[in-house]
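Residue numbers (the working numbering): -16 to 328.
Input: a single structure, listed below in structure tokens.
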């Protein structure tokens, strides 16, 4: 088997195959490599989580797959092989111009993305229905009336109350949770093979987060799509992912099934991440590890580091009463009622 055939067969087994991906930012004429030889795969219908702190390169990898890298960024090496189930061939997205017609057919049609802040991602000047239908009319040959009906059905699938009325509403008329549901509807209206979810619940409160994550999981099963979940939240990873990829300074430091990652972490950085999560058996005075302070050398023994971070109690003389930091005695607060006003007779 020749090299080209081998590449095709390798990509055909997976929806996305990323090999030795390298991305460089242009910083005042100097190249800064932010993604350093990343390799992973996404199987059809599975969820892969990219995990790491801010600046690890998670979002940049997602942007490179869908072709929306910022102008200062450039793919300088590697492959992004996309094996569309609707096609027989395998496409290397790293070799295609992001502004080309072939990439535009893929972006939004076969690969979609949702962002963490829906209010800045949605247009304030267009209704929800217009924005969702735009993607539909661009990628599918449907009449306007049929398209609007498909939009209503997708909003209903995304849990919108009164979806027929919702298509006429503007983003500022919706709550944060409904805006994110609208973003999900826009991303999924063309039934993509891959959904990239870039911190989809960061800007939402906890109860709405759970609803949105459940929605993504339910729609994944109904539409038989794969999900690339970009997050720093290990709780999200535990509930959503099949496989986990841990990034640190643009490199993959550990990867595996969600069970292996959570029960048998190996790399010091990953152990440090778990050490930064509160747990019920923490000892008095024990402080959490800060991942930002970890290095590959100092994180080798995260438990020892945690012990070293325990707050030291100041020495006190035997029998002496503990020093009081703040004491409030006999505090009284009064409000004076206004005798006159606009409503006075």
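Backbone N, C-alpha and C fix where the C-beta goes; we use that ideal spot for every residue, glycine too.
Owing to the predicted nature of the structure, the values given are computational and were not obtained by experimental measurement.
Item                                                                                                        : Value
One or two residues paired with residue 231 in a DSSP bridge                                                : 234
Separation of residue 188 from residue 236, as counted between CA atoms                                     : 31 Å
Candidates 114, 153, 155, 15, of which the one nearest residue 137 by Cα                                    : 114
Rounded straight-line distance, which links the Cα of residue 183 to that of residue 228                    : 18 Å
Entirely enclosed beta strand (DSSP E) segments - the region 189 to 264, minimum 3 residues                 : 209 to 214, 226 to 231, 234 to 240
Beta-carbon proximity list for residue 139, same chain, < 6 Å, skipping 5 on both sides                     : 146
Distance cut-off 7 Å: residue 226 Cβ against heavy atoms of the ligand NAP                                  : With respect to the ligand NAP, the structure shown offers nothing to examine, as it has no ligands at all.
Sub-8 Å separation of residue 160 and residue 203 beta-carbons                                              : no
Cβ pair count under 8 Å reaching 3, the region 20 to 36 against the region 217 to 227                       : yes
Residue nearest to residue -3 in terms of C-alpha spacing, selected from 25, 18, 9                          : 25
Beta-carbon proximity list for residue 37, same chain, < 8 Å, skipping 5 on both sides                      : 215
Rounded C-alpha distance that separates residue 315 from residue 265                                        : 39 Å
Alpha helix (DSSP H) runs contained entirely in the region 17 to 96, provided each spans 4 or more residues : 41 to 49, 84 to 89
C-alpha distance - residue 148 paired with residue 124, whole-angstrom precision                            : 24 Å
Residue 45 versus 248, 234, 180, residue with shortest Cα-Cα distance                                       : 180
Separation of residue 198 from residue 242, as counted between CA atoms                                     : 23 Å
Short Cβ contact (8 Å threshold) for residue 211 with residue 171                                           : no
Secondary structure of residue 282, DSSP reduced to three states                                            : With a pLDDT of 42 at residue 282, under the threshold of 50, the predicted position of this residue should be treated as unreliable, though the coordinate-derived value follows. DSSP places residue 282 in helix when its eight states are reduced to three.
Buried or exposed by the 16-neighbour rule on C-beta atoms within 10 Å, applied to residue 346              : Lying before the first or after the last residue shown, residue 346 is absent from the chain, which here runs from -16 to 328.
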